[in-house]
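**Q** After the structure tokens below, expect a handful of questions from me.
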Amino acid sequence: MTLDVSKLPNGVYTFGIIISNSQKSSAITKVTINKIVVTPKVGTVSNTSSSVSGTAEAKAAIYVKASSKVIGKGVADTKGKFKVTIPKQKAGTKLSIYAKDAIGNTSKSFNLAVKDKIAPSKPMVNPVTYRDTVVTGTTEAKAAITIKTRTKTLKYAKADSKGKFRATISRQKTGTTLYVTAKDPSGNVSSATAVKVKTRR
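What follows is the structure, encoded as structure tokens:
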């Protein structure tokens with residue numbers, strides 16, 4: 001015997017089944033069916049992403065929401081794979097992704113926060129002379145600053161809430177090149193700013 005439950009609305013159902021012939025009937029057998037659409041599984045989404053990918057119920061409609069607004073729609077293929085185009089989102093934005101089957105049953109949402117994958121811009125570094133023991137400049141707010149020569153790290157520092165930094169170093173010879181990088185709280189590292197130590201400013 002086959003019982004088609006594919007068109008039932010979302011929910012839990014209990015069925016009683018009686019098997020009978022001309023002579024007698026069986027006792028009632030109860031079967032409980034939990035008809036729920038599977039929650040999608042979603043990969044990482046960053047502030048460089050223009051799509052959301054994952055797996056869900058085959059041929060289900062996929063919806064991506066930011067707050068209460070739907071920002072993307074798509075359909076899973078026959079194997080349940082999907083890729084939904086979305087506008088790029090800011091780091092930290094919370095997204096909800098859910099699936100809906102052909103008759104409107106809706107899954108629970110898969111929730112995630114958009115990750116930061118964009119590195120800071122190269123730090124702006126003020127000129128340095130052989131007499132200086134301080135390196136100053138500006139970068140992304142609260143970024144971690146590293147100052148190196150070709151052979152060793154001279155100093156670690158941190159930018160303030162306005163992006164300004166000040167790092168004490170030992171005096172360097174004229175012609176020495178300093179390499180200054182910034183790392184944001186998500187671990188993205190900028191390209192290095194090269195500063196050659198001068199005789200005068």
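Reminder that position 124 of the sequence shown reads as 124 in the UniProt record's numbering, one-by-one numbering, no gaps. Glycine residues also receive a C-beta, built at the ideal position from the N, C-alpha and C atoms. As the structure is a prediction and not an experimental result, all values here were calculated from the model.
#1: Can you tell which of I36, I169, L112, D160 has the C-alpha that lies nearest to the C-alpha of D184?
#2: How should T181 be labelled, buried or exposed, when 16 other C-beta atoms within 10 angstroms of its C-beta is the threshold for buried?
#3: For the candidate residues V37, A194, V42, whose alpha-carbon lies nearest to that of A113?
#4: Go ahead and label I97 buried or exposed: buried means 16 or more other beta carbons lie within 10 angstroms of its beta carbon, across all protein chains shown.
#5: Output the residue ranges of the beta strand (DSSP E) runs that lie fully inside the UniProt domain "Bacterial Ig" (39-116) and measure 3 residues or longer, sorted by chain position.
#6: Assign A102 to buried or exposed, taking buried as 16 or more other Cβ atoms, counted over all protein chains shown, within 10 Å of its Cβ.
#7: Between the C-alpha atoms of K155 and T44, what's the straight-line distance to the nearest angstrom?
#8: Is the distance from the Cβ of R200 to the Cβ of R171 below 8 Å?
#9: Is the distance from the Cβ of V52 to the Cβ of Y63 below 8 Å?
#10: Less than 8 Å separating the beta-carbons of F165 and K173?
**A** Considering the structure as presented:
#1: D160
#2: buried
#3: V42
#4: buried
#5: 51-55, 61-66, 69-75, 81-85, 94-100, 110-113
#6: exposed
#7: 34 Å
#8: no
#9: no
#10: no
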